[in-house]
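Novice:
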Amino acid sequence: MQSLLIDLYLYCIHSARIIICVVLPNRQTDRQTDIQTDRQTDRQTDRQTDRQTDRQTDRQTDRHTDRHTERQTAIQTDRQTDKHNAQLHINKHEYLQDKYIQKYRR
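Taken in order, the sequence shown gives residues 1 to 106; the numbers are from full-length UniProt numbering.
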């Protein structure tokens, strides 16, 4: 209570034997409180916005990375399949060539 009174202007009006005390709020304290509240609200809003932005960015990055990885995997798989098929074709050709040579060498 005393600390509250320290922050307030205290006006006392003396009239005869009656003392009337009027406590008015300290405008400077109110402004400081408003400024502190605004700053705190701003910081909270900024943190929330930053977290939301970070989550959105992370999701977008993850989706982009996933798509890129899928494309690269598909390309690499296709290349391996093509190499394998080419090797099978070469092997088949060499086998038939060897067979032909053996057949007509006799």
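Don't be surprised by glycine CBs; every beta carbon is placed ideally from N, CA and C. As the structure is a prediction and not an experimental result, all values here were calculated from the model.
Mark residue 99 as exposed unless 16 or more other C-beta atoms lie within 10 angstroms of its C-beta, in which case mark it buried.
Specialist: By the 10 Å Cβ count, residue 99 comes out exposed.
Novice: Work out the CA separation of residue 89 and residue 75 for me, nearest whole Å.
Specialist: Distance between the alpha carbons of residue 75 and residue 89: 21 Å.
Novice: Mind pulling the beta strand (DSSP E) runs of 3 or more residues that sit fully within the UniProt region "Disordered" (30-106)?
Specialist: Runs found: none.
Novice: Using C-beta distances below 8 Å, list every residue in its chain close to residue 62, excluding the 5 sequence neighbours before and after it, in chain order.
Specialist: Hits under 8 Å: none found.
Novice: Give the straight-line distance between the Cα atoms of residue 84 and residue 92, rounded to the nearest whole angstrom.
Specialist: Approximately 12 Å, taken between the alpha carbons.
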